[in-house]
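Visitor: One structure coming up, written as structure tokens, with questions to follow.
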Amino acid sequence: MSDAHSTDDTRTERSADNTERVGTESSADDADMDAVSDIDIVTVERSYRGISVRLARHYLEKLGGEVVDTNNIQAESWSATLSAETVGVGPTLELTEVTVAFTGSQDALDTLIDRFSQKAMRAGG
């Protein structure tokens, strides 16, 4: 059983083994959580047709990422997970569609997705 005594912003607790802790109401964990909540981490998925997973991975490396494994790329302020599937276009044509799940702060992703999309754009001609 624990007794708790509060005055102002300081809290004193006495535990069952008769040890005493004195501290403020906000702990280091609370401060860490406040710092984390200041940066919102988001995940944005984009799909690209006409490129391979290998090429998408290469583009992400050129944009500062390091390959963690075949489908995961990590950078200081973002990460990306790659997946691919074959999709039908019309009655007889099939294409590879690569989906990239970008994760990071919105600011980091805005720049990254724009730059990646420019590299991944396939224009016929």
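Reminder that position 111 of the sequence shown reads as 111 in the UniProt record's numbering, one-by-one numbering, no gaps.
For every residue, glycine included, the Cβ atom is placed at its ideal position computed from N, Cα and C.
Mind checking G65: buried by the 16 CB within 10 Å criterion, or exposed?
Guide: buried
Visitor: Please report how far the alpha carbon of Q106 lies from the alpha carbon of R46, in whole angstroms.
Guide: 14 Å
Visitor: Measuring straight from C-alpha to C-alpha, what distance separates I73 and L109?
Guide: Taking the straight line from one Cα to the other gives about 14 Å.
Visitor: Quick check: the Cα distance between T43 and A80, rounded to an integer number of angstroms?
Guide: 9 Å
Visitor: Along the chain, where does the beta strand (DSSP E) containing I41 start, and where does it finish?
Guide: 41-49
Visitor: Which value, in whole angstroms, describes the spacing of the CA atoms of R115 and G104?
Guide: 15 Å
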